[in-house]
Amino acid sequence: MATAFSNPRLLSFSDHGAPYRGHWVIYAASQADGYAACHEVCEQGQGLQVVEERQLPSALEARRFSTHLILHGWTPDEVHSDQGYSLLGA
């Protein structure tokens, strides 16, 4: 899958019961120790679109957002680094 954000992907989540909902991806942001979460949906004829973006200023906020996604039915699909695992609390 293509990426809508230029920084390294750390985690991606999807809702396997509703794949049309796209993916949430957590990226390392350009600021020191910051993160960005993007809700990406592949629209027919338009390619990958970011429908929502959140700035997560710390690892703690990124962990909280990951937990929020899991509690709302999103499943971690890919963990791209040790840093990604740390955002899951593993």
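According to our numbering, the sequence shown is numbered sequentially starting from 25. Using N, Cα and C, we set each Cβ at its ideal position, and we do this for glycine too.
Straight-line gap, residue 111 to residue 87 (C-alpha atoms, nearest Å): The residue you call residue 111 lines up with position 87 of the sequence shown. The residue you call residue 87 lines up with position 63 of the sequence shown. The alpha-carbon atoms of residue 111 and residue 87 are separated by roughly 5 Å.
Can you tell me where the beta strand (DSSP E) with residue 71 in it begins and where it stops? For the purposes of this step, residue 71 is identified with residue 47 of the sequence shown, where counting begins at 1. Residue 71: member of the beta strand (DSSP E) spanning 71 to 80, first to last residue.
Can you give me the start and stop residues for the alpha helix (DSSP H) that residue 84 sits inside? For the purposes of this step, residue 84 is identified with residue 60 of the sequence shown, where counting begins at 1. Looking at the DSSP string, the run of the alpha helix (DSSP H) that includes residue 84 is 83 to 95.
Strand pairing of residue 32, partner residues [DSSP]: Here residue 32 is taken as the residue at index 8 of the sequence shown, counted from 1. Residue 32 is not bridged to any residue.
Can you grab the Cα-Cα spacing for the pair residue 50 / residue 69, in whole Å? Residue mapping note: residue 50 aligns to position 26 of the sequence shown, counting from 1. Residue mapping note: residue 69 aligns to position 45 of the sequence shown, counting from 1. When the Cα atoms are used, residue 50 and residue 69 turn out to be separated by approximately 25 Å.
Counting along the chain, where does the beta strand (DSSP E) carrying residue 51 start and finish? Position 27 of the sequence shown, counting from 1, holds the residue named residue 51. Per DSSP, residue 51 belongs to the beta strand (DSSP E) from 47 to 52.
To the nearest angstrom, how far is the alpha carbon of residue 79 from that of residue 62? For this step, residue 79 is matched to residue 55 along the sequence shown. For this step, residue 62 is matched to residue 38 along the sequence shown. Answer to the nearest angstrom: the Cα atoms are 9 Å apart.
What's the C-alpha gap between residue 97 and residue 59? As a first step, residue 97 must be located in the sequence shown, where it is residue number 73. As a first step, residue 59 must be located in the sequence shown, where it is residue number 35. Whole-angstrom Cα-Cα distance: 21 Å.
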